[in-house]
Each structure stands twice: as C-alpha cells, then as structure tokens.
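Numbering (this note's numbering), first residue to last: 3 to 340. First up is the structure itself, then whatever we jot down about it.
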Amino acid sequence: QVHASRAKFALSARGGTCARFANMVGCENEFLKETGERSDMNQYWYSRPTIDALVAEIVQSGGSAALVSTPSVYFSLPEDARQRCKVLDYDRQWESDPGYVFYDFNAPVDLPPELRGAFDFVLVDPPFITREVWTKYAETIRFLVREGGRILCTTINENDGMMQELLGTTPVLFRPSIPNLVYQYSVYTNYSSEGLARLNPEIDDCDWRAVEPKQCAKQERSLPTLLPGESAAIGGKLAAGLGAEAVVVAALAAEAASGSEVIDARPPPPGAVLLTELRERLGCLKRTTEALFVPVQQGVRRPSAAGRPSPAAERALDAAEVAALDAREWLGSHRTEL
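Listed below in structure tokens is the structure:
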C-alpha cells in the first residue's frame, strides 16, 4: 500500500500552470506517481489526461464539489479549488486530509448533516457497475447535490438506461481512460459541457456512438442469462451482429447525415469489412469477459458452501468461452487475409 504525501500533492498547486494543465506542459501527476491502486477495493485510477479533463469541469464550474470515490481527481485539483471540495471515500489512507469524509456506499446517507445539499457539482465513480450499487450511489448524490447542481458519473455504456432512470444523466462524447480496468466506461452528465463534447484521443478516433455495433451490444447484455447447454447452440454466430457490411454502411450514412464530406455509400472494400468483422468479435469478447467481473468478485467475497462457482458465474464463463471460441475460429479462417 502506498500512502501519498499531502505535501507532494500541494506541490502541483504551487507550481502554477502545472496544477491546471499538467498534460499541456509535461508535468507529472503526483497522485498517480505516488499512489498505488488497491485491487481489494476495486481502485482503478483515471489516466492523467482524463483526470485533467475532469478537473477542468470542476474548476470551470467555479463552485463547491463533492468527489465521491474519485480521490485521483480530488488530489489533482489546484489547491484553491480543492479548498471548496470534499472527497468521500472508503479508503482511510486519506483521512488526514481536511477535505476527507469517510464514505461507505452501504450506508449511502450516513454523512455529516452539513453536507446535505451543499455541493454545486458531484462527481462519482463507484467501484462496481451493478444496479444495486448504483441505486445506493444515486441516493448519496441526491443527498449531496444542490437543486440545479451538476452531476457527472462514469460507468459502462450498457448502463445508459439505468443512469437516465436513476439520475437523469446521459452519455457525452468524451470517454474516460482507466488504464488498468478491463471495462470501457462512458461519462454521464445532467448538463451540457463543451469540454466533454469532444473525443478523448486516448480512446477514440471517431464518434463511438455512430459506429459501435448496437446489435452486438444487445447480444452481449443478454449473454449472462444463457444456460450452459444453450451456449454451444449459438456457436460462431455469437458475434455476427448486424453484419460487418451493414455496420460500415451505417457509419458512412451517419457521417454523411452529420453534414461532413459526403462519402460514396457503395459497398465498402473487402478490407474494411474484414476489419469491422474483427472489431465486432473483439468487442463481444471484451464485453463477455467484463461480464465475469461482478460474479467473480461476489464469489471471492461470498464463496458457496460447496465451494462451487455461483450459477451467475457459470453462465458468464460459458458465454465468455463461446465468444473466445468464435473469435479463435474467425481468426484462424482469416489469418492469411489479415
């Protein structure tokens, strides 16, 4: 366990431009340099450019902010901004900081009463992605935020509907980089942001909302419900989705509709179809692997009496195996083309 020095964090604030635009002048982020992630607490820090983007949102809001389960952002704030903020976290390694407030999402409003409705901005990144956990965090957010205040959350894109339902937030174009996390997160806000209405070059080079294979995503969301005997039946068809050619044509049509340069919508060249097929399969493999995370964590914390994996874990493993076999078969049959 690495305990970061409060004095070292303050150095960046005294460093002038380094504190506000670290990545523009090549300065290191002291929090990332000095603070290790604790996997037992599901701690995975944002990358430095992503932290800079989130810090800019808070600084530009100009008000008070509650940073819930986001210490990497709190300790990267300029000192003047940090003085009007609080960091709420379960990890007590930061309890010596004057802005630290102990927080356990299992007691979502067990917080100092003076924090009720005290913040203009609330930023949240829970350690889990499940509805059960997000429901508790949503209760905390409603406790903390002032009427009309800004909310920014990060979670997987598949939680889109849930985030709208719980908090009235919608995804923005900017997606965060979390280098050591297998999930790809999206950013959800209840306000418009010019800074987040752009691509994060760490992650995307085109509008992911236009080109992401939606049919594949729908299949992936249903995978954990498959019974073990059903998985083999879908075999190599698992990642087919809408078909690569349809995905490419749809992306070209979306680009044309956006007012950019009109591109001929004839069938795409074989190379583009091949790469899109590969993307579809890798995307399905990635998401079915991600689906293992929650049941594995639950199994570690609450192993069954018989020592066997839970039914949810078995179904997730089965789905991931099918996706892996499909990707392997496809790669084998297209090896020479690639």
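By construction, the Cβ of each residue, glycine as well, lies at the ideal position given by its N, Cα and C atoms. Keep in mind that this is a model prediction, so the values were computed, not measured.
Nonlocal neighbours in the same chain, by C-beta distance under 6 Å from residue i, ignoring five residues either side
| i | result |
| --- | --- |
| V89 | L69, P73, Y76, G101, Y102 |
| Q85 | none |
| T156 | D127, P178, Y187, V189 |
| A329 | R283, L287 |
For residue i, the residue or residues it bridges with in DSSP
| i | result |
| --- | --- |
| L34 | In the DSSP output, where bridge partners are listed per residue, L34 has none listed. |
| C123 | Per the sequence shown, residue 123 should be read as Phe rather than Cys. A67, R152. |
| S188 | T157 |
| C172 | Checking the sequence, you will find Thr at residue 172 rather than Cys. DSSP, once it has assigned bridges, lists T191 as partnering T172. |
| C87 | A67 |
| V147 | F121 |
| F104 | D91 |
Cβ-based neighbour list, residue i, same chain, cut-off 7 Å, excluding 5 preceding and 5 following
| i | result |
| --- | --- |
| K195 | The sequence shown places Ser at residue 195, rather than the Lys named in the question. Only E59, V174 meet the Cβ criterion. |
| R133 | M164 |
| M43 | Y92, D93, P129 |
| P181 | S49 |
| I53 | N31, S74, V75, S78 |
| Q83 | One point to set straight first is that residue 83 is Ala, not Gln, in the sequence displayed. Contacts found: I60, V61. |
| L333 | none |
| S63 | D122, F123, R152 |
Candidates the options: closest to residue i by CA position
| i | options | result |
| --- | --- | --- |
| L154 | Y190, F130, D162 | Y190 |
| D127 | A199, A212, Y139 | Y139 |
| A199 | E32, W47, A55 | A55 |
| Y46 | E323, L146, V324, L183 | L183 |
| V57 | C87, I205, G151, E36 | C87 |
| D206 | R317, F176, E339, E160 | F176 |
| R337 | G273, F33, T291, A318 | G273 |
| S71 | T291, E339, V135, W210 | V135 |
| P51 | L333, T291, P203, Q62 | P203 |
| G65 | R281, G150, P271 | G150 |
Anticipated Cβ contact below 8 Å, residue i with residue j, distance rounded
| i | j | result |
| --- | --- | --- |
| L125 | A67 | 7 Å |
| L287 | A326 | 6 Å |
| L146 | A120 | 7 Å |
| F137 | L117 | Here residue 137 turns out to be Thr, not Phe, going by the sequence shown. In fact, because the Cβ distance is near 20 Å, the residues do not count as touching under 8 Å. |
| F104 | T142 | Actually they do not touch by this definition, with Cβ atoms about 13 Å apart. |
| Y185 | R152 | With a Cβ gap of about 24 Å, Y185 and R152 do not count as contacting. |
| G144 | D122 | Strictly speaking, residue 144 in this sequence is Arg, with Gly absent from that position. Contact flag wrong, Cβ pair sits at about 15 Å. |
| E339 | L277 | With a Cβ gap of about 10 Å, E339 and L277 do not count as contacting. |
| I131 | N161 | 6 Å |
Beta-carbon proximity list for residue i, same chain, < 8 Å, skipping 5 on both sides
| i | result |
| --- | --- |
| S335 | none |
| R211 | P173, L175 |
| G197 | A55, A58, E59, Q62, F176 |
| Q166 | T172 |
Is it the case that the region 162-173 contacts the region 78-86, given that we only count it when at least three CB pairs across the two stretches are under 8 Å? no
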